[in-house]
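If you're matching positions, the sequence shown starts at 118 in the numbering used here and goes up one per residue. Just so you know, even glycine gets a beta-carbon here, dropped at the ideal spot from N, CA and C. Please read these numbers as outputs of a predicted model, since none were measured by experiment. Here is the structure we will look at, set down as structure tokens.
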Amino acid sequence: MVSWLFEVLIEAPLASAAAWFILAALQIYRDRWHTWTEAFFLFCCFFAGLYAIGDWLLFHSVSEPYARLSALVSLTGLTLAVNFFLLFTLVYVDRMRRAYWGLMVLSIVMLLL
């Protein structure tokens, strides 16, 4: 009973990644990427899909080096998805300010650590 559920959960990140990438593709198809709000949402969708792909790769890693690389891809996608989601919400509520780019610098510093 548990084995089939476990197999479904292992493959679930692929469904999540597909949903995020389809949402990003729809944004591009509908030409919704010209404003800051739309661009930040587009990048949030893309990096959320990358995060899901990283998780799927982590679940299917066969050795430690592959697991480390998968974890790096996953954490990079998560960090950038959260950053762009925060920028999206800030710009959606207010307008784009120069101080918001500090959040991007903070994310890049975190990625370099």
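In terms of residue numbering, what span does the alpha helix (DSSP H) encompassing residue i cover?
{"i": "residue 178", "result": "Unbroken run through residue 178: none, as it is neither H nor E."}
{"i": "residue 213", "result": "Unbroken run through residue 213: none, as it is neither H nor E."}
{"i": "residue 228", "result": "218-229"}
Decide if residue i is buried, meaning its Cβ has at least 16 other Cβ atoms within 10 Å, or exposed.
{"i": "residue 172", "result": "buried"}
{"i": "residue 208", "result": "buried"}
{"i": "residue 170", "result": "buried"}
{"i": "residue 167", "result": "buried"}
{"i": "residue 120", "result": "exposed"}
Cα-Cα, which of the options is closest to residue i?
{"i": "residue 158", "options": "128, 145, 169", "result": "145"}
{"i": "residue 196", "options": "181, 221, 182", "result": "221"}
{"i": "residue 161", "options": "136, 121, 184, 183", "result": "136"}
Three or more C-beta pairs under 8 angstroms: does that hold for the region 174-182 against the region 196-208?
No, because fewer than three Cβ pairs between the region 174-182 and the region 196-208 fall closer than 8 angstroms, the two stretches do not touch.
Which runs of the beta strand (DSSP E) spanning at least 3 residues fall entirely within the region 140-170, listed in chain order?
Listed in chain order, nothing qualifies, since the region 140-170 has no complete beta strand (DSSP E) run of 3 or more residues.
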